[in-house]
Ligand code: C5P
């Protein structure tokens, strides 16, 4: 059941929660599965379980401090050594520190230095878990590409009952084993466009839009997690993907995105076009900053290339998934795009929906298909919406 863990290098971060006792069992399971385990504990974790127990189980020293006995413990080496880092249990404090990059202990220093995928298994009381601060930190961490191991529901150390229990070691083992499996999309190459495009007016100003790139990045991460090689063509946003299977190409304008997408598309099995591409750009880009003159200024605009329509024309076996963001006649307009751009299905998100669309971490979507059928979904995290999209895409790839 845990055949993929043989020889894998696992860095286990343990923080100060009652659930720290589960980390001992988790360590045993990893070792039994043939993995190599190195452990870092926060100072408060050592009040719940001793480093001696964990070093005995892991057959390695346990790190608790950035320096000990006058010498420096190299957090960079540990971060680079690992194939995967798992923080279990992850307390509210540690989640906050990770989200902020507040590096006041060895565990956070290693986390910031690690280049491998990071999983975290929150553990806390139900009200702490539901607090907006915790929820915001968890969302923030997922936007860095870190993967949350969902909390369980049940009896808590406080005597209360509800969400907040750390996932069981057996479930974490299974998840990490799955992480190292080849994945159902192995051998597939997927093109994803994401983020806004910006169209320069002069050396200072541009025409842009409010897209954050979150949805497209989540799609790229999910495809990569399932084993696909992903070409992500990303417009200007501060967000970056984390998965090593994602090849990132940064662009600014619709024209640049178009050129890159056309080059990559023939080698791909599918394209998910989540970018909010500008439909028009200034007819001319002024060489110098445009000066204030009269009360009015008219801008001449010209059409940009339609990437989706162009790939739709060229497509052979490829599956194309598009997005539509509408403010009126949503379904009608989206269906028209689906046909006109020769897409296989279109993800419709509405600006009228609270918590959905631009900038949000959540989205509420509908999938519309060529045969006029549709699928409706609840409001959920964009990482979850990405799973629905890639799940549907997978069926079409078969
Ligand atoms: O027509 P509209 O721009 O609303 O269509 C949205 C879909 O088309 C999205 O999938 C978007 O990424 C794609 N698109 C594109 N190139 C454009 C405009 C939109 O790929 N120039």
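Residue numbers (the working numbering): -18 to 379.
No residue lacks a Cβ here, since even glycine has one placed at the ideal position from N, Cα and C.
| message | Tell me the residue span of the beta strand (DSSP E) that contains residue 154. | response | One-based indexing of the chain shown puts residue 154 at position 173. From DSSP, residue 154 is part of no beta strand (DSSP E) but of the alpha helix (DSSP H) over 150 to 160.
| request: Would you decide whether residue 341 is buried or exposed? Buried here means 16 or more other CB atoms lie within 10 Å of its CB. | output: By 1-based counting over the chain shown, the position of residue 341 is 360. Burial call: buried.
| task | Can you tell me which of 190, 350, 62 puts its alpha carbon nearest to the alpha carbon of residue 262? | result | On the chain shown, residue 262 is found 281 positions in, with the first residue counted as 1. If we check each option's Cα against that of residue 262, 190 comes out closest.
| said: residue 289 and residue 275 - do their beta-carbons sit closer together than 8 Å? | reply: Counting from 1 along the chain shown, the entry for residue 275 is found at position 294. Counting from 1 along the chain shown, the entry for residue 289 is found at position 308. Cβ atoms of residue 275 and residue 289: not closer than 8 Å.
| With burial defined as no fewer than 16 other Cβ atoms inside 10 Å of the residue's Cβ, what is the status of residue 268: buried or exposed? | For the purposes of this step, residue 268 is taken as residue 287 along the chain shown, with counting starting at 1. Exposed, because fewer than 16 other Cβ atoms sit within 10 Å of the Cβ of residue 268.
| query | Alpha carbon to alpha carbon, what distance is there between residue 308 and residue 354? | reply | Working through the chain shown from its first residue, we reach residue 354 at position 373. Working through the chain shown from its first residue, we reach residue 308 at position 327. Cα to Cα, the separation comes out at about 21 Å.
| Given residue 195 as reference, the closest of 27, 235, 365 once Cα atoms are compared | Within the chain shown, the letter at position 214 stands for residue 195. Here the closest residue by C-alpha is 365.
| request: Please name the residue in 297, 266, -9 whose C-alpha comes closest to that of residue 283. | output: What you label residue 283 is simply residue 302 of the chain shown in a count that begins at 1. The residue with the shortest Cα to Cα distance from residue 283 is 266.
| field | Inter-residue Cα distance where the pair is residue 25 and residue -3 | value | As a working note, residue 25 is residue 44 in the chain shown. As a working note, residue -3 is residue 16 in the chain shown. Residue 25 and residue -3: Cα-Cα distance of roughly 5 Å.
| message | Nearer than 7 Å: is that true of the beta carbon of residue 254 relative to any heavy atom of the ligand C5P? | response | Stepping through the chain shown from its first residue, residue 254 is reached at position 273. It does: the Cβ of residue 254 is within 7 Å (strictly closer) of some heavy atom of the ligand C5P.
| field | Classification of residue 225 by the beta-carbon crowding that lies within 10 angstroms, buried from 16 upward | value | One-based indexing of the chain shown puts residue 225 at position 244. The residue in question, residue 225, is exposed, as its Cβ has fewer than 16 Cβ neighbours within 10 Å.
| Given residue 228 as reference, the closest of 12, 205, 243 once Cα atoms are compared | Translated into the one-based positions of the chain shown, residue 228 becomes position 247. Of the candidates 12, 205, 243, the one whose C-alpha sits nearest the C-alpha of residue 228 is 205.
| query | Short check: CB of residue 241 to CB of residue 214, under 8 Å? | reply | Taking the chain shown and counting its residues from 1, the one referred to as residue 241 is at position 260. Taking the chain shown and counting its residues from 1, the one referred to as residue 214 is at position 233. Yes; because the gap between Cβ atoms is below 8 Å, this pair is in contact.
| request: Flag residue 322 as yes when its Cβ comes closer than 7 Å to any non-hydrogen atom of the ligand C5P, and as no otherwise. | output: Along the chain shown, one-based indexing puts residue 322 at 341. Checking the Cβ of residue 322 against the ligand C5P gives yes.
| When DSSP labels each residue in this structure, what does residue 210 get in the three-state scheme? | Position 229 of the chain shown holds residue 210. Note: residue 210 maps to strand in three-state DSSP.
| field | Simplified DSSP state of residue 32, which is helix, strand or coil | value | Numbered from 1 along the chain shown, position 51 holds the residue referred to as residue 32. Here residue 32 sits in helix by DSSP.
| request: Mind checking which residues open and close the beta strand (DSSP E) that includes residue 305? | output: Here residue 305 corresponds to residue number 324 of the chain shown, with the count starting at 1. Counting along the chain, the beta strand (DSSP E) containing residue 305 begins and ends at 300 to 307.
| query | Is it buried or exposed for residue 37, if we count other Cβ within 10 angstroms and need 16 for buried? | reply | Position 56 of the chain shown holds residue 37. By the neighbour-count rule (16 or more Cβ atoms within 10 Å), residue 37 is not buried but exposed.
| Would the region 176 to 188 and the region 134 to 143 be scored as touching if the rule is three or more Cβ pairs under 8 Å? | no
| What are the boundary residues of the alpha helix (DSSP H) that includes residue 125? | Numbered from its first residue, the chain shown carries residue 125 at position 144. Counting along the chain, residue 125 falls outside any alpha helix (DSSP H), and DSSP gives it neither H nor E.
| task | Could you tell me which residues DSSP pairs with residue 181 in its beta bridges? | result | The sequence position of residue 181 within the chain shown is 200, counting from 1. Answer by DSSP bridge pairing, in chain order: 187.
| Option in 285, 153, 143 with minimal Cα separation from residue 180 | Numbered from its first residue, the chain shown carries residue 180 at position 199. If we check each option's Cα against that of residue 180, 285 comes out closest.
| query | What are the partner residues of residue 358, as DSSP defines its beta bridges? | reply | Stepping through the chain shown from its first residue, residue 358 is reached at position 377. Residue 358 is not bridged to any residue.
| What is the DSSP secondary structure of residue 69, counted as helix, strand or coil? | For the purposes of this step, residue 69 is identified with residue 88 of the chain shown, where counting begins at 1. Three-state result, residue 69: strand.
| request: Look at residue 104 and residue 71 and say whether their C-beta atoms are less than 8 Å apart. | output: Residue numbering aside, residue 104 sits at position 123 when the chain shown is read from its first letter. Residue numbering aside, residue 71 sits at position 90 when the chain shown is read from its first letter. Result yes, Cβ atoms of residue 104 and residue 71 sit closer than 8 Å.
| field | Closest Cα partner of residue 62 within the set 7, 116, -10 | value | For the purposes of this step, residue 62 is taken as residue 81 along the chain shown, with counting starting at 1. Here the closest residue by C-alpha is -10.
| request: Could you name the residues that DSSP lists as bridge partners for residue 12? | output: On the chain shown, position 31 is the one that residue 12 refers to. Bridge partners of residue 12: none, in fact.
| Rounded straight-line distance, which links the Cα of residue 271 to that of residue 152 | The residue you call residue 152 lines up with position 171 of the chain shown. The residue you call residue 271 lines up with position 290 of the chain shown. Cα to Cα, the separation comes out at about 60 Å.
| request: Using a threshold of 8 Å, state whether the C-beta atoms of residue 327 and residue 251 are closer than that. | output: Here residue 327 is taken as the residue at index 346 of the chain shown, counted from 1. Here residue 251 is taken as the residue at index 270 of the chain shown, counted from 1. Their beta carbons are not under 8 Å apart, which means residue 327 does not touch residue 251 by this criterion.
| field | Residue of 321, 294, 35, 218 minimising C-alpha distance to residue 192 | value | Within the chain shown, residue 192 is the residue found at index 211, counting from 1. The shortest Cα separation from residue 192 among 321, 294, 35, 218 belongs to 218.
| said: If the criterion is Cβ atoms closer than 8 Å, does the pair residue 3 and residue 150 meet it? | reply: For this step, residue 3 is matched to residue 22 along the chain shown. For this step, residue 150 is matched to residue 169 along the chain shown. In this structure, residue 150 lies closer than 8 Å to residue 3 by Cβ.
| query | For the alpha helix (DSSP H) that residue 370 lies in, which residues bound it at each end? | reply | Your numbering for residue 370 matches position 389 in the chain shown. Note, residue 370: alpha helix (DSSP H), 363 to 378.
| Cβ atoms of residue -14 and residue 158: under 8 Å apart, would you say? | Within the chain shown, the letter at position 177 stands for residue 158. Within the chain shown, the letter at position 5 stands for residue -14. Yes, the pair counts as a contact, with Cβ atoms nearer than the cut-off.
| Beta carbon proximity, residue 89 to chain D, threshold 8 Å | Judged by its chain identifiers, the structure shown contains no chain D, having just a single protein chain.
| query | Can you pull the DSSP bridge partners for residue 44? | reply | Indexing the chain shown from 1 puts residue 44 at position 63. Answer is 21, bridged to residue 44.
| Is residue 75 helix, strand or coil when you go by DSSP? | Counting from one through the chain shown, the residue named residue 75 turns up at place 94. Residue 75 falls in the helix class under three-state DSSP.
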